[in-house]
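Below: one structure, written as structure tokens.
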Ligand code: HEC
Ligand code: HEC
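Numbering (this note's numbering), first residue to last: 241 to 615.
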């Protein structure tokens with residue numbers, strides 16, 4: 241029956257993940273760095289975590305980040321002038337107040353245009369193996385160009401944007417300081433991506449994985465055990481509890497038939513990139529970090545609550561019926577993945593908003609800012 245099919249298929253995956261972690265934790269493993277081991281994993285993980293399918297995030301201090309680029313990227317990320325009509329910034333759809341995503345089923349771009357799909361979180365997104373639900377961008381730098389020139393999102397063009405930014409003394413000086421260069425498209429994308437790369441959100445569950453047994457509640461611990469036992473980790477594993485593979489939504493039961501609504505182009509997922517029938521309804525497995533903050537859920541924004549999406553996952557991905565107690569435990573576990581933003585993530589409000597040369601950062605992480613365009 242279904243369950244058997246699921247598990248035969250699932251088990252090699254789980255083992256593979258545990259094995260690769262285990263290898264790099266071997267004392268004296270001198271190949272770790274060369275094999276691209278997770279920074280910080282080897283030194284900081286409690287010994288019993290070696291075989292866990294989930295890995296803690298590195299500390300921000302372990303990353304090699306240039307704070308001048310981070311701060312410049314933060315300004316660009318929150319600046320509505322990156323959109324054609326000056327109303328939309330990256331933060332409009334990826335708000336720091338909503339776990340790096342937005343409280344809507346689908347995005348709203350310039351002129352109030354409804355987008356086709358739910359916005360995923362930018363937090364910790366540097367560890368995604370590809371970007372976008374269908375993986376069409378290889379990395380954050382490639383990704384960032386998309387929304388700026390997408391007519392339904394920010395509707396701007398770099399041909400116009402770069403001269404506009406160059407007219408701004410604050411930006412000109414900041415690019416000189418961070419890059420020793422005038423403003424170019426590549427550097428705008430690099431600064432935004434560098435800011436995103438700095439958005440790590442260590443959570444109580446990371447503390448637990450690193451050995452602090454009291455960091456999460458008994459309910460959350462039971463939830464983590466259930467999460468592994470029912471098979472969620474076959475897809476949601478690694479540092480992001482996701483972000484490492486594509487999988488079909490409705491692996492064991494037809495999700496789209498039961499949903500009832502007409503299938504949209506966005507529902508085809510990875511198929512839109514490869515045109516292969518096997519890739520129909522395949523999506524990047526999303527990260528579960530900060531998921532308690534990012535409702536509604538799924539690429540179509542159709543699940544309103546964590547309980548609902550946990551039930552959908554159990555039914556359609558694993559062919560299982562979970563009782564209310566199990567669901568509550570898993571929910572408590574997912575809540576323990578809510579992390580803390582680094583202190584530099586948000587714009588220092590008043591001081592910078594009053595900066596010369598018309599630099600007007602959008603209000604911190606607000607998805608509902610009033611347009612402010614300065615000459
Ligand atoms: C109008 C809303 C909107 C705006 C503005 C917007 N995004 Fe997005 N973003 C989305 C949506 C929707 C997706 C998912 C699209 C898809 O997968 O097809 C997305 C995907 C992403 C992803 C991929 C995350 C993942 O897990 O795959 C990143 C990173 C991202 N956006 C960063 C940015 C940055 C940086 C900006 C500003 C330059 C920006 N976004 C502007 C709505 C928006
Ligand atoms: C076979 C792979 C697979 C398994 C097993 C699986 N998931 Fe998922 N999960 C996915 C995919 C793929 C998506 C994205 C689907 C979409 O939105 O189209 C997803 C989405 C989610 C989301 C929504 C995240 C968001 O930001 O919208 C949550 C929460 C989630 N899964 C939790 C779980 C839990 C809990 C379990 C175990 C009961 C589980 N998943 C088992 C593949 C899987």
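The C-beta atom is built at its ideal place from N, Cα and C for all residues, glycine as well.
Between residue 586 and the set 291, 299, 339, 322, the nearest pair of CA atoms involves 339.
Taking C-alpha positions only, residue 454 is separated from residue 551 by approximately 28 Å.
A residue is called buried once 16 or more other Cβ atoms fall within 10 Å of its Cβ, and residue 436 is buried on that count. According to the DSSP assignment, residue 553 belongs to the alpha helix (DSSP H) that extends over 546-558. Relative to the Cα of residue 581, the nearest Cα in the group 403, 322, 441, 398 belongs to 441.
About 11 Å separates the Cβ atoms of residue 377 and residue 429, ruling out a contact at the 8 Å cut-off. By DSSP's assignment, residue 537 forms a beta bridge with 543. When secondary structure is reduced to three states using DSSP, residue 531 falls in the helix class.
Annotation note: the stretch 470-520 contains the following uninterrupted beta strand (DSSP E) runs of length 3 or greater, listed N- to C-terminal: 486-488.
Closest option to residue 471, judged by alpha-carbon separation, among 312, 530, 296, 554: 554. Each residue's CA atom was taken as its position, placing residue 549 and residue 424 some 42 Å apart. Between the stretch 340-353 and the stretch 515-522 there are fewer than three inter-stretch CB-CB distances shorter than 8 Å, so the stretches are not counted as touching. Contact between residue 509 and residue 374 holds: their C-beta atoms lie close to 5 Å from each other, under 8 Å. Here residue 364 really is in contact with residue 439; their C-beta atoms are around 7 Å apart, less than 8 Å. Inter-segment contact for the stretch 557-576 and the stretch 458-466 is present: three or more beta-carbon pairs are separated by less than 8 Å. Shown here for residue 310: same chain residues with a beta carbon closer than 6 Å to its own, the five before and five after excluded, namely 434, 435, 438 in chain order. If you look at residue 307, you'll find it in the alpha helix (DSSP H) that goes 307-317. Residue 377 is bridged by DSSP to 371. Spatial neighbours of residue 404 in its own chain (CB-CB distance under 7 Å, excluding positions within 5 residues in sequence) are listed in chain order as 321.
323 is the residue among 305, 323, 498 whose C-alpha sits nearest the C-alpha of residue 399. If you check the C-beta of residue 505 against ligand 2, you find no heavy atom less than 7 Å away. When distances are taken from the beta-carbon of residue 319 to the heavy atoms of ligand 1, even the shortest one reaches 7 Å or more. Less than 8 Å separates the beta-carbon of residue 532 from that of residue 574. When secondary structure is reduced to three states using DSSP, residue 566 falls in the helix class. Shown here, residue 428 sits in a helix according to DSSP, grouped into three states. Sorting 491, 354, 427, 326 by C-alpha distance to the C-alpha of residue 521 places 491 at the top.
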